[in-house]
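**Q**
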Ligand SMILES: CC(C)(COP(=O)(O)OP(=O)(O)OC[C@H]1O[C@@H](n2cnc3c(N)ncnc32)[C@H](O)[C@@H]1OP(=O)(O)O)[C@@H](O)C(=O)NCCC(=O)NCCS
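Residue numbers (full-length UniProt numbering): 1 to 155.
Given below as structure tokens:
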């Protein structure tokens with residue numbers, strides 16, 4: 001798949017607070033992408049295009065506290081959280097989500113990606129990618145944590 005993945009840098013003069021890295025688009029959840037929020041030094045956004053059309057977005061965060069998930073491996077500085085991840089409505093089920101994750105894994109060979117799953121469909125997606133699921137031990141209804149399989153790291 002000829003997916004063009006581009007990192008969206010925050011402009012040097014852009015405010016960390018109130019920065020909206022993506023242009024509002026009907027294919028994407030406005031609650032995730034359109035509200036001005038903190039776009040700090042640890043925030044990394046990617047957009048993915050096919051044939052020049054934006055088909056997916058990802059927002060990663062460097063600062064992650066997963067201590068509540070006691071069954072998860074201790075990842076230390078290797079952890080990198082996928083805070084938001086979305087394939088455009090109408091383009092789902094074409095393998096775009098899997099391809100974008102594969103590309104992120106290649107971009108970050110020394111990191112371990114994790115995601116707090118947002119819904120049952122996402123649970124199935126992360127499961128299909130082979131990511132291991134960890135429940136929140138005290139809040140069974142809270143988002144399960146999915147952890148990318150180890151590449152070089154034990155766990
Ligand atoms: C979840 C999401 C990112 C998946 O992206 P996608 O491009 O549709 O997924 P892919 O086509 O790459 O699917 C990869 C595999 O996961 C499976 N899968 C994906 N979504 C699924 C769903 N909702 N239910 C069941 N299986 C699903 C596919 O069948 C495929 O399995 P296969 O390899 O055996 O064929 C996309 O549906 C989405 O953006 N959903 C809304 C936002 C969201 O929930 N994001 C996740 C945040 S944690």
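Note that the Cβ used here is the ideal one computed from N, Cα and C, for glycine as well.
Let's test the definition: count the other Cβ atoms within 10 Å of the Cβ of residue 67 and tell me whether it reaches 16, buried, or not, exposed.
**A** Its Cβ having fewer than 16 others within 10 Å, residue 67 is exposed.
**Q** DSSP three-state call for residue 125: helix, strand or coil?
**A** It is helical.
**Q** Residue 98: beta carbon under 7 Å from a heavy atom of ligand 1?
**A** Correct: residue 98 has its Cβ closer than 7 Å to ligand 1.
**Q** Output needed for residue 85: all residues of its chain with C-beta closer than 6 Å, excluding positions within five of it in sequence on either side, in chain order.
**A** For residue 85, where only same-chain residues beyond five positions count, the Cβ hits under 6 Å are 58.
**Q** Is there contact here, the stretch 24 to 37 with the stretch 96 to 111, by at least three beta-carbon pairs under 8 Å?
**A** The stretch 24 to 37 is not in contact with the stretch 96 to 111.
**Q** Report yes if the C-beta of residue 119 is less than 7 Å from at least one heavy atom of ligand 1; otherwise report no.
**A** For ligand 1, at least one heavy atom lies less than 7 Å from the Cβ of residue 119.
**Q** Count the other CB atoms within 10 Å of the CB of residue 120; is the residue buried (16 or more) or exposed (fewer)?
**A** It counts as exposed.
**Q** Could you tell me which residues DSSP pairs with residue 105 in its beta bridges?
**A** None; residue 105 has no bridge partner.
**Q** Please return the same chain residues whose Cβ sits closer than 8 Å to the Cβ of residue 8, not counting the five positions on each side in sequence.
**A** Closer than 8 Å at Cβ, skipping near neighbours: 21, 22, 45, 46, 47.
**Q** May I have the straight-line CA-CA distance separating residue 4 from residue 142, to the nearest angstrom?
**A** Each residue's alpha carbon lies about 34 Å from the other.
**Q** Figure out for me which residue from 125, 137, 149, 150 has the closest Cα to the Cα of residue 69.
**A** When each option's Cα is compared against that of residue 69, the closest is 137.
**Q** In terms of residues, what are the limits of the alpha helix (DSSP H) holding residue 142?
**A** Counting along the chain, residue 142 falls outside any alpha helix (DSSP H), and DSSP gives it neither H nor E.
**Q** On a CA-only basis, which of 89, 110, 123 is nearest residue 27? Give me that one, please.
**A** Measuring from the Cα of residue 27, the nearest candidate turns out to be 89.
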